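A.B. asks: Just passing along the structure, written as structure tokens.
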Amino acid sequence: MIERIEKELYPLREQLQNHTVYYSVHTLSDIRLFMEQHIFAVWDFMSLLKQLQNLLSYNAVPWRPSGYPAASRLINEIVWGEESDVNRKGEPMSHFEMYIESMQSLGANPDEMYRILEQLKSGEHINTILENAPLPQHLIDFMKFTFEVVQTEQPHIIAAVFTFGREDLIPDMFIEIIKNLKSSSKDNLEDLVYYFERHIEVDADEHGPLALEMIQQLCGDNEGKWEETLHYSKRALELRIKLWDGILNSIQKQSNLNPVT
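Just so we're on the same page, our numbering is the position in the sequence shown counted from 1, plus 78.
Shown next as structure tokens:
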């Protein structure tokens with residue numbers, strides 16, 4: 079079933095791997111804009127991850143067995159890497175915080191991301207926040223789908239989107255483009271390059287194989303779960319393509335307003 083799913087998802091993944099957005103980043107202004115929108119995908123990825131942990135590894139007190147011992151071990155290993163990795167300086171930090179750090183080093187503005195975090199801290203529900211957020215529609219649609227998936231509380235569905243819809247979708251070529259950007263300070267780009275290289279390294283060598291194993295455990299011989307896994311994975315990739323389309327359009331609009339001379 080994993081092979082069948084990967085085969086059916088291949089056209090969408092190929093579309094993503096070759097998306098024009100990667101070739102649209104020519105200046106620091108372009109990468110700043112890319113990051114200011116991509117940060118929301120970095121952030122809501124963590125909600126998929128933590129909901130999986132909530133469902134597969136019992137987190138209430140008094141504690142009791144979750145019923146998913148093997149999947150619990152897998153998800154806890156993934157959480158450890160995503161939520162408490164080390165940055166370029168060797169400091170413990172989540173991948174989300176690494177991305178914010180790289181945004182700040184390049185002068186990108188994380189205020190819209192911070193605004194959502196503050197609203198959540200004050201008790202607002204994520205659905206209400208997204209309904210009223212002053213963000214481009216492609217970002218709203220992307221996050222709404224993520225939290226729709228989270229709110230199903232179905233481990234196999236969440237694991238499907240986490241595994242097939244979000245991992246390993248930034249090609250190595252994009253990192254090379256970023257490395258070749260002109261910057262007034264080499265350090266400005268090093269945090270971002272480190273983030274992408276670290277994320278790809280961890281996904282390919284550790285999290286990717288663990289996530290596939292988790293899908294196998296959660297779906298087992300249940301044909302209905304495998305069909306839902308395929309359906310939600312396709313939807314996740316379709317929305318990722320729309321996200322990239324939206325970011326590309328934003329960069330092109332910015333370039334038309336501020337042409338390079």
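Using N, Cα and C, we set each Cβ at its ideal position, and we do this for glycine too. Source: prediction; values computed, not measured.
Do you know whose CA, among Thr307, Gln295, Phe223 and Leu326, lies nearest Leu152's CA?
C.D. replies: Checking every option, the nearest Cα to that of Leu152 belongs to Gln295.
A.B. asks: Quick check on the burial criterion: 16 or more other C-beta atoms within 10 angstroms. Buried or exposed for Glu86?
C.D. replies: Glu86 is exposed by the Cβ-count criterion.
A.B. asks: I need the DSSP call for Val157, collapsed to helix, strand or coil.
C.D. replies: Reduced to three states, the DSSP call for Val157 is helix.
A.B. asks: Is it right to say Pro143 is buried, meaning 16 or more other beta carbons lie within 10 angstroms of its own, or is it exposed?
C.D. replies: It counts as exposed.
A.B. asks: Which one or two residues does DSSP pair with Asp323 in a beta bridge?
C.D. replies: DSSP, once it has assigned bridges, lists no residue as partnering Asp323.
A.B. asks: Can you tell me the Cβ-Cβ gap for Asp269 and Glu160, rounded? I've got them flagged as a contact below 8 Å.
C.D. replies: Actually they are not in contact, since the Cβ atoms of Asp269 and Glu160 sit about 17 Å apart, beyond 8 Å.
A.B. asks: Is the CB-CB distance between Val120 and Phe112 below 8 Å?
C.D. replies: Not a contact, by the Cβ cut-off of 8 Å.
A.B. asks: Sort Trp304, Leu317, Arg313 and Arg166 by Cα distance to Ile83 and report the nearest one.
C.D. replies: Of the candidates Trp304, Leu317, Arg313 and Arg166, the one whose C-alpha sits nearest the C-alpha of Ile83 is Trp304.
A.B. asks: Spell out a yes or no on whether the stretch 228 to 241 and the stretch 211 to 219 are touching, meaning 3 or more CB-CB pairs, one atom from each, closer than 8 Å.
C.D. replies: Cβ pair count under 8 Å is below three, so no.
A.B. asks: Beta-carbon within less than 6 Å of Asp108's beta-carbon, same chain only, minus the 5 sequence neighbours each way: which residues are those?
C.D. replies: So the qualifying residues of the chain are Ile329.
A.B. asks: Taking the runs of the alpha helix (DSSP H) that are 4 residues or longer, which of them lie wholly in the stretch 162 to 186?
C.D. replies: The qualifying runs are 173 to 184.
A.B. asks: Quick one: complete beta strand (DSSP E) runs, 3+ long, within the stretch 102 to 149?
C.D. replies: For the stretch 102 to 149, not a single whole beta strand (DSSP E) run of length 3 or above is found.
A.B. asks: Do Gln93 and Ile319 have their C-beta atoms within less than 8 Å of each other?
C.D. replies: In this structure, Ile319 lies closer than 8 Å to Gln93 by Cβ.
A.B. asks: Could you please give the first and the last residue of the uninterrupted alpha helix (DSSP H) stretch that includes Ala237?
C.D. replies: Counting along the chain, the alpha helix (DSSP H) containing Ala237 begins and ends at Pro233 to Phe242.
A.B. asks: What's the gap between the Cα of Leu106 and the Cα of Glu196?
C.D. replies: About 28 Å.
A.B. asks: Let me make sure I understand the geometry here. Which of Asp323, Tyr272 and Leu335 has the alpha-carbon closest to that of Val164?
C.D. replies: Considering only alpha carbons, the answer is Tyr272.
A.B. asks: So Tyr146 and Leu127 are in contact, right, with Cβ under 8 Å, and what is the actual spacing, rounded?
C.D. replies: About 15 Å; that fails the 8 Å criterion.
A.B. asks: Find out if the Cβ-Cβ distance for the pair Arg244, Leu184 is shorter than 8 Å.
C.D. replies: Taking 8 Å as the Cβ cut-off, Arg244 and Leu184 do not qualify as a contacting pair.
A.B. asks: If you drop the 5 nearest sequence neighbours on each side, which residues of the same chain put their C-beta closer than 7 Å to that of Met181?
C.D. replies: For Met181, where only same-chain residues beyond five positions count, the Cβ hits under 7 Å are Met113, Ile117 and Pro188.
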